[in-house]
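Undergrad: Heads up, our numbering is the position in the sequence shown plus 218, with the first residue counted as 1. Structure below; questions to follow.
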Amino acid sequence: MAELSEQTIEALFDESRTFPPPEEFRAGATVTSDEILRRAEEDPEGFWAEEAGRLAWRRKWDQVLDWSNPPFAKWFVGGKLNVTESCLDRHLESNGDKVAYYFEGEEGDTRTITYRELHAEVCRLGNGLRSLGVKKGDRVAIYMGMVPELPVALLACARLGAPHSVVFGGFSADSLRDRINDCDAKVLITCDGSRRNGSVVNLKAFADQALADTPSIESVVVLRRTGHDVPMVEGRDRWYHELVSDQSTECPAEEMDSEDILYLLYSSGTTGKPKGVVHTCGGYLTGCATTHRLVFDLKPEADVYWCGADIGWVTGHSYIVYGPLANGCTSVLFEGVPQYPDKDRFWDIVEKYKVTQLYIAPTTIRTMMKWGTEYPAKHDLSSLRVIGTVGEPINPEAWIWYHHNIGGDRCPVVDTWWQTETGAMMISPLPGVTTLKPGSATFPLPGVFADVVDESGNSVPLGGGGYLVLTRPWPSMLRTLWGDDERFIETYWTRFSDPSSGKWVYFAGDGAKRDKEGYYWLLGRVDDVMNVSGHRISTLEVESALVDHPAVAEAAVVGRADPTTGQAIAAFVTLRGTATGDDALLAELRQHVADKIGKIARPASIVFTPELPKTRSGKIMRRLLKDVSEQRQLGDVTTLANADVVQDIAERAKGVRAAED
Ligand code: WTA
Numbered sequence: 219m220a221e222l223s224e225q226t227i228e229a230l231f232d233e234s235r236t237f238p239p240p241e242e243f244r245a246g247a248t249v250t251s252d253e254i255l256r257r258a259e260e261d262p263e264g265f266w267a268e269e270a271g272r273l274a275w276r277r278k279w280d281q282v283l284d285w286s287n288p289p290f291a292k293w294f295v296g297g298k299l300n301v302t303e304s305c306l307d308r309h310l311e312s313n314g315d316k317v318a319y320y321f322e323g324e325e326g327d328t329r330t331i332t333y334r335e336l337h338a339e340v341c342r343l344g345n346g347l348r349s350l351g352v353k354k355g356d357r358v359a360i361y362m363g364m365v366p367e368l369p370v371a372l373l374a375c376a377r378l379g380a381p382h383s384v385v386f387g388g389f390s391a392d393s394l395r396d397r398i399n400d401c402d403a404k405v406l407i408t409c410d411g412s413r414r415n416g417s418v419v420n421l422k423a424f425a426d427q428a429l430a431d432t433p434s435i436e437s438v439v440v441l442r443r444t445g446h447d448v449p450m451v452e453g454r455d456r457w458y459h460e461l462v463s464d465q466s467t468e469c470p471a472e473e474m475d476s477e478d479i480l481y482l483l484y485s486s487g488t489t490g491k492p493k494g495v496v497h498t499c500g501g502y503l504t505g506c507a508t509t510h511r512l513v514f515d516l517k518p519e520a521d522v523y524w525c526g527a528d529i530g531w532v533t534g535h536s537y538i539v540y541g542p543l544a545n546g547c548t549s550v551l552f553e554g555v556p557q558y559p560d561k562d563r564f565w566d567i568v569e570k571y572k573v574t575q576l577y578i579a580p581t582t583i584r585t586m587m588k589w590g591t592e593y594p595a596k597h598d599l600s601s602l603r604v605i606g607t608v609g610e611p612i613n614p615e616a617w618i619w620y621h622h623n624i625g626g627d628r629c630p631v632v633d634t635w636w637q638t639e640t641g642a643m644m645i646s647p648l649p650g651v652t653t654l655k656p657g658s659a660t661f662p663l664p665g666v667f668a669d670v671v672d673e674s675g676n677s678v679p680l681g682g683g684g685y686l687v688l689t690r691p692w693p694s695m696l697r698t699l700w701g702d703d704e705r706f707i708e709t710y711w712t713r714f715s716d717p718s719s720g721k722w723v724y725f726a727g728d729g730a731k732r733d734k735e736g737y738y739w740l741l742g743r744v745d746d747v748m749n750v751s752g753h754r755i756s757t758l759e760v761e762s763a764l765v766d767h768p769a770v771a772e773a774a775v776v777g778r779a780d781p782t783t784g785q786a787i788a789a790f791v792t793l794r795g796t797a798t799g800d801d802a803l804l805a806e807l808r809q810h811v812a813d814k815i816g817k818i819a820r821p822a823s824i825v826f827t828p829e830l831p832k833t834r835s836g837k838i839m840r841r842l843l844k845d846v847s848e849q850r851q852l853g854d855v856t857t858l859a860n861a862d863v864v865q866d867i868a869e870r871a872k873g874v875r876a877a878e879d
């Protein structure tokens, strides 16, 4: 694990710049006092029980939290529910005709889907899946673009109690195959293709490649979206529209235990192999619904909420599907990208639907800053009330830009820190309560207990930096890693826990600093995980993809600071034998990584070097490569076996520019 440098900890944030909730905002806000925080601190289980009570349960729980076998938590023990009844059925009577999703397709095609229609569609697909033999406990993989049938697919699985495993549509065939095989999925739901930035991504072709080696898959359901010709395999593949056409719009929901699995979602860790994060029904839905309501000051009767994430990531699971639907709110569901057909697409959508809450990644904001204020200035953004960010630290400049140019200086910015593993937001302002500081995610949410600790796990006094930990279980926490309890314990619970004294501490993998007033400032990952445009990518995964290429002998990968994407992937590669590191090979290696993992993992730059800097015990010194990549004064090289190589690499790195795409 990398050490936190003093320099990072002391990073110059201006802690004195503060933004209290604007008076007009407070006047209309639902929560305006910190009473809720105090109440939850005094009685966290009472707080969470009250929140869980807002959901539709078939049978109430006997016990709020069972923490008798840490770190395996059970929440709302004995409770029975099906999450789709909270997300759909219970809204039908009084709110059936309310819009659940305004779908905005990339080409400007639109669909309006009410709760009643969504319920019917989920039931039809649920019945269709049942007819394919899917039953409670079976895993279903989903590999689709951002179309309404994607949330329908998640919910149809949830209806049957079949854990879904969504694989982001930008991942490669290999990534899809590995994720299917890790959980032995029985069915895959996919599309012929998806639309992205004016072109078509041939998802079915990738799926077919993956399916060449996925023995567990029995059936493939293919949604027609782009309409291009795709081969269908007799006996295995069937069209979505044919599967659902004769199905009933009623589909009995499977009764689930609060602790039954709702879904798996694979996420990059410090090893080369992504891990299947396991979320369960009762606690997860409680976490999503509560945070979605509180952090966005939700007024379901009036709001039009829009989260710009992809459902392939946890943000989409929690804040496009489960949280918003449990709260019965109206959301925008957008298929496309911010720059298509022009750079004002987002602002056009905000104006068109009168969006009240917007939730996007800092990368998107920084990209928009580069494009200039003329794009948002063309549109009426006055409907916005709360604007949020997620996925990576937001630098104060981007925060201020967002606050001013998008939020019109009147919308609180909610910078929300959380992870795939936490299931829901953990550290975030409450917009009617918290005085904001640009660049700080501010404080733990009600019912969340965080701390910043030093190497030995001792709490660091205010003003200091260290490792961010969570010190008490929370309802939406991951329960384990699919099929690997040991790795679950090892990854999250070993570093700072002391089981002999009953102390269990969750280590998030992030560095953080708390200022004198207790505000949390996130400092980025302290492990080998990179954060590129808010996407988690493991350095090891990219290294394995590179060395998989026949020309590559050895590779080292680091995340280098990048003004737009947060981090950019910088690779250092030594070649085998007579291979030459020319532009053609560089392009080939980038493509190879795209084929192995997905385009998001392509290195921005590759430096060919005859050797990598190594310690005498043969460990690659990534820290030095990071210094080289960020053009910093080189750190201590005395422990290196081959010190002179670093200077050579630094020279080579100077001439290298990042790939433009
Ligand atoms: C980072 C995304 C700073 C962090 C929901 C975390 C953040 C990782 C923030 C999880 C934030 C997320 N400020 N850093 N507001 N939000 N991160 O699993 O490093 O894709 O550990 O979940 O993103 O990424 P994941």
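Cβ coordinates follow ideal geometry from the N, Cα and C atoms, glycine included. All of these numbers come straight from a predicted model, not from anything done at the bench.
1. Using beta-carbon positions only, say whether Leu602 and Val573 come within less than 8 Å of one another.
2. Going straight from the alpha carbon of Asp396 to that of Leu368, what length do you get?
3. Which term fits Glu519, buried or exposed, when burial requires 16 or more other beta carbons within 10 angstroms of its beta carbon?
4. Would you say Glu615 touches the ligand WTA, meaning its beta carbon is less than 7 Å from a heavy atom?
5. Looking only at C-alpha atoms, which of Tyr458, Ala805, Thr504 and Asp627 sits nearest to Val340?
6. Assign His597 to one of three DSSP states: helix, strand, or coil.
7. Taking just the CA atoms, how far does Cys506 sit from Asn623?
8. Along the chain, where does the alpha helix (DSSP H) containing Ile880 start, and where does it finish?
9. Anyone know if the C-beta pair for Val568 and Thr607 falls short of 8 Å?
10. So Gln557 and Trp524 are in contact, right, with Cβ under 8 Å, and what is the actual spacing, rounded?
11. Tell me Ala859's beta-bridge partners as DSSP assigns them.
12. Could you compute how far the alpha carbon of Phe386 sits from the alpha carbon of Ala245?
13. Which term fits Gly351, buried or exposed, when burial requires 16 or more other beta carbons within 10 angstroms of its beta carbon?
14. Go ahead and label Pro542 buried or exposed: buried means 16 or more other beta carbons lie within 10 angstroms of its beta carbon, across all protein chains shown.
15. Does any heavy atom of the ligand GDP sit closer than 7 Å to the C-beta of Asp733?
16. Within 10 angstroms of its Cβ, does Pro366 collect 16 or more other Cβ (buried), or is it exposed?
17. How about Leu699: is its Cβ closer than 7 Å to a heavy atom in the ligand WTA?
18. Where in the stretch 611 to 663 do unbroken runs of the alpha helix (DSSP H), each at least 4 residues long, occur, reported from the N-terminal end onward?
19. Is the beta carbon of Asn749 within less than 7 Å of some heavy atom of the ligand WTA?
20. May I ask you to verify whether the stretch 653 to 666 touches the stretch 697 to 707, counting CB pairs closer than 8 Å and requiring at least 3?
21. For Ser434 and Ile538, I'd like the C-alpha separation in whole angstroms.
22. Taking 7 Å as the cut-off, is the CB of Val532 close to at least one heavy atom of the ligand WTA?
23. What would DSSP say about Thr798, mapped onto helix, strand or coil?
24. Helix, strand or coil for Gly541? Go by DSSP, reduced to three states.
25. How many angstroms separate the CA atom of Leu283 from the CA atom of Pro559?
26. Nearest-angstrom Cα distance between Thr585 and Ser349?
27. Look up Gln427 in the DSSP assignment and say whether it is helix, strand or coil.
28. My understanding is that Arg377 touches Asn300, with C-beta atoms under 8 Å, so please give their C-beta distance in whole angstroms.
29. Have a look at the DSSP bridge pairing and note the partners of Met748.
30. For Ser412, tell me which candidate among Phe826, Ala779, Leu336 and Tyr361 has the shortest Cα-Cα distance.
31. Closer than 8 Å by C-beta to Pro781: which residues in its own chain qualify, once you throw out the five before and the five after it? Chain order, please.
32. Please classify Lys292 as buried or exposed, where buried requires at least 16 other C-beta atoms within 10 Å of its C-beta.
33. Do you know offhand how far Phe514's Cα is from Leu793's?
34. Tell me the rounded alpha-carbon separation between Gly650 and Ile578.
35. Could you please give me the residues that DSSP links to Ser847 through a beta bridge?
36. For the putative contact between Val825 and Arg870, defined by C-beta atoms under 8 Å, what is the C-beta separation to the nearest angstrom?
TA: Reading it off the structure:
1. Taking the first residue of the sequence shown as 1, we reach residue 602 at position 384. Taking the first residue of the sequence shown as 1, we reach residue 573 at position 355. Yes, Cβ-Cβ distance for Leu602 and Val573 is below 8 Å.
2. Residue mapping note: residue 396 aligns to position 178 of the sequence shown, counting from 1. Residue mapping note: residue 368 aligns to position 150 of the sequence shown, counting from 1. When rounded, the distance between both Cα atoms is 21 Å.
3. What you label residue 519 is simply residue 301 of the sequence shown in a count that begins at 1. Result: exposed.
4. Here residue 615 refers to the residue found at position 397 when the sequence shown is read from its first residue. Outside the cutoff, so no.
5. For the purposes of this step, residue 340 is identified with residue 122 of the sequence shown, where counting begins at 1. Of Tyr458, Ala805, Thr504 and Asp627, the residue nearest in Cα terms is Tyr458.
6. For the purposes of this step, residue 597 is identified with residue 379 of the sequence shown, where counting begins at 1. Looking at His597 - three-state DSSP - the assignment turns out to be coil, as it is neither helix nor strand.
7. Taking the sequence shown and counting its residues from 1, the one referred to as residue 623 is at position 405. Taking the sequence shown and counting its residues from 1, the one referred to as residue 506 is at position 288. Distance between the alpha carbons of Asn623 and Cys506: 29 Å.
8. For residue 880 there is no data in the structure shown, the boundaries of the chain being 219 and 879.
9. Mapped onto the sequence shown, residue 568 falls at position 350. Mapped onto the sequence shown, residue 607 falls at position 389. No; because the gap between Cβ atoms is not below 8 Å, this pair is not in contact.
10. Counting from one through the sequence shown, the residue named residue 557 turns up at place 339. Counting from one through the sequence shown, the residue named residue 524 turns up at place 306. That belief does not hold up - the Cβ atoms of Gln557 and Trp524 are roughly 17 Å apart, past 8 Å.
11. Along the sequence shown, read from residue 1 onward, the residue named residue 859 stands at position 641. In the DSSP output, where bridge partners are listed per residue, Ala859 has none listed.
12. Position 168 of the sequence shown, counted from the start, is the residue given in the question as residue 386. Position 27 of the sequence shown, counted from the start, is the residue given in the question as residue 245. Cα to Cα, Phe386 sits roughly 40 Å from Ala245.
13. Counting from one through the sequence shown, the residue named residue 351 turns up at place 133. Gly351 should be labelled exposed.
14. Here residue 542 is taken as the residue at index 324 of the sequence shown, counted from 1. The residue in question, Pro542, is buried, as its Cβ has 16 or more Cβ neighbours within 10 Å.
15. By its list of ligands, the structure shown excludes the ligand GDP, since it contains just the ligand WTA.
16. For the purposes of this step, residue 366 is taken as residue 148 along the sequence shown, with counting starting at 1. Under this definition Pro366 is a buried residue.
17. For the purposes of this step, residue 699 is taken as residue 481 along the sequence shown, with counting starting at 1. Not so, every heavy atom of the ligand WTA lies at least 7 Å from the Cβ.
18. 614 to 619
19. Here residue 749 refers to the residue found at position 531 of the sequence shown. Yes, the ligand WTA has a heavy atom inside 7 Å of this Cβ.
20. no
21. Counting from 1 along the sequence shown, the entry for residue 434 is found at position 216. Counting from 1 along the sequence shown, the entry for residue 538 is found at position 320. Going by the C-alpha atoms only, they are around 29 Å apart.
22. The residue labelled residue 532 in the question sits at position 314 within the sequence shown. It does: the Cβ of Val532 is within 7 Å (strictly closer) of some heavy atom of the ligand WTA.
23. Indexing the sequence shown from 1 puts residue 798 at position 580. In the structure shown, Thr798 sits in coil (DSSP, three-state: anything other than H, G, I, E or B).
24. Mapped onto the sequence shown, residue 541 falls at position 323. Correct three-state label for Gly541: helix.
25. Taking the first residue of the sequence shown as 1, we reach residue 283 at position 65. Taking the first residue of the sequence shown as 1, we reach residue 559 at position 341. Cα to Cα, the separation comes out at about 49 Å.
26. Counting from 1 along the sequence shown, the entry for residue 585 is found at position 367. Counting from 1 along the sequence shown, the entry for residue 349 is found at position 131. Taking the straight line from one Cα to the other gives about 46 Å.
27. For the purposes of this step, residue 427 is taken as residue 209 along the sequence shown, with counting starting at 1. In the structure shown, Gln427 sits in a helix (DSSP, three-state: H, G or I).
28. Against the sequence shown, residue 377 aligns to sequence position 159. Against the sequence shown, residue 300 aligns to sequence position 82. The pair is a contact, with the Cβ atoms about 7 Å apart (cut-off 8 Å).
29. Counting from one through the sequence shown, the residue named residue 748 turns up at place 530. Paired residues: Ile755.
30. By one-based count along the sequence shown, residue 412 stands at place 194. Measuring from the Cα of Ser412, the nearest candidate turns out to be Tyr361.
31. Against the sequence shown, residue 781 aligns to sequence position 563. Correct list, in chain order: Arg584.
32. Taking the first residue of the sequence shown as position 1, residue 292 is located at position 74. Answer is buried; the Cβ neighbour count reaches 16.
33. Position 296 of the sequence shown, counted from the start, is the residue given in the question as residue 514. Position 575 of the sequence shown, counted from the start, is the residue given in the question as residue 793. Their backbone Cα atoms lie some 51 Å apart in a straight line.
34. Within the sequence shown, the letter at position 432 stands for residue 650. Within the sequence shown, the letter at position 360 stands for residue 578. If I take the Cα positions, the gap works out to 20 Å.
35. For the purposes of this step, residue 847 is taken as residue 629 along the sequence shown, with counting starting at 1. DSSP output for Ser847 lists no bridge partner at all.
36. Residue 825 sits at position 607 when you count from the first residue of the sequence shown. Residue 870 sits at position 652 when you count from the first residue of the sequence shown. At roughly 5 Å, the Cβ-Cβ gap stays under 8 Å, so Val825 and Arg870 are in contact.
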